[in-house]
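These notes concern the structure reproduced below.
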Ligand code: CO8
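Residue numbers (full-length UniProt numbering): 1 to 258.
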């Protein structure tokens, strides 16, 4: 891969989008590589939590690649939008939590990539925006849908209609990000949170993600029935046996084995 770096450390998978010459903008190639990277992470059962970041401290991702989009027509534009939506939905549905570590600009497709992750940690120099209408297009990688679900329709419409950027503190205030940290400690903070998640029972964490995602799309009774079913499934896992036995025997559990 040319524009994506995959690393692994202590059950944490790290995907870095690295096209510094274009502030990590997503072109066809990068989206295809990201798709393959997500597949690789999904297939690695030794990875329990994932971090997605951008190379350098200036940008997470400065959007979809404008120089490639400039000459697209209705067909290639639709295909490009569909590829982005395919990859971001795959991230959203990945069977392990994904943390976006957002250092610098997260604009257009970059903001949309962050929105498809479970948790967003921003550096204090981060800037978020959906500037598509200033370029004659709509958000095309899920922005009109996920932004409204995360920050509410009023704020989402303001950001999308004005195309104006907001800073990290405003993103925190409206619930777009979970946490803002000094830019020097962004990677450490993301690793710390990922390690905390990866230290919990992987099957339970995976089922929590599935239950929250599924429940947000259906009525409360269906959602609660789904929660009961995943709760029940946990009792088939060795993790549950080990963790509860350790608690009752007042000893520290050394780790989960699934
Ligand atoms: N695409 C391509 N190249 C980019 C992009 C981008 N999105 N962003 C930055 N670059 C390139 C610049 O062209 C420049 O290249 P070069 O050095 O060769 O001139 C290099 O990165 C550095 O950028 P700047 O010199 O502009 O750096 P500044 O610090 O002056 O500005 C900004 C940083 C403010 C981030 C500025 O680069 C900018 O405004 N970038 C564009 C941001 C943007 O509008 N993003 C949204 C794009 S639209 C989108 O994402 C739609 C997603 C859905 C698509 C669905 C398709 C159907």
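All C-beta atoms in this analysis are idealised placements derived from N, C-alpha and C, irrespective of residue type, glycine included.
Check your understanding: Among residues of its own chain, excluding the 5 on either side of residue 101, which ones have a beta-carbon nearer than 6 Å to its beta-carbon?
Key -> 51, 53, 121, 186 and 190
Practice item. Label residue 218 either buried or exposed according to how many other C-beta atoms from any shown protein chain fall within 10 Å of its C-beta, with 16 as the threshold for buried. Key: exposed
Point to revise | Identity of the residues DSSP links to residue 9 by a beta bridge | key: Residue pairing of residue 9 in beta bridges, as defined by DSSP: 12.
Check your understanding: How big is the Cα-Cα spacing for residue 4 and residue 32?
Key -> A direct Cα-to-Cα measurement between residue 4 and residue 32 gives close to 10 Å.
Practice item. Using three-state DSSP, classify residue 49 as helix, strand or coil. Key: strand
Point to revise | Stretch-stretch touch, CB-based, cutoff 8 Å, three pairs: the segment 164-172 with the segment 192-204 | key: Fewer than three pairs of CB atoms, one per stretch, sit closer than 8 Å, so the segment 164-172 makes no contact with the segment 192-204.
Practice item. Specify, as a first and last residue, the run of the beta strand (DSSP E) that residue 128 falls within. Key: 127-129
Practice item. On a CA-only basis, which of 237, 135 and 90 is nearest residue 257? Give me that one, please. Key: 237
**Study point:** N-terminal and C-terminal residue of the beta strand (DSSP E) that residue 120 is part of
**Key:** 119-123
Review point. Measuring CA to CA, which of 124, 108, 112 and 127 is closest to residue 136?
Key: Nearest neighbour of residue 136 by Cα position, chosen from 124, 108, 112 and 127, turns out to be 108.
Review point. Taking 8 Å as the line, does the beta carbon of residue 37 fall inside it for any heavy atom of ligand 1?
Key: no
Check your understanding: Looking at the C-beta of residue 252, does it have a partner C-beta in chain C at a distance below 9 Å?
Key -> Checking the listed chains, one finds no chain C in this structure; it contains a single protein chain.
Review point. Cβ of residue 171 within 8 Å of any heavy atom in ligand 1?
Key: Ligand 1 has no heavy atom closer than 8 Å to the beta-carbon of residue 171.
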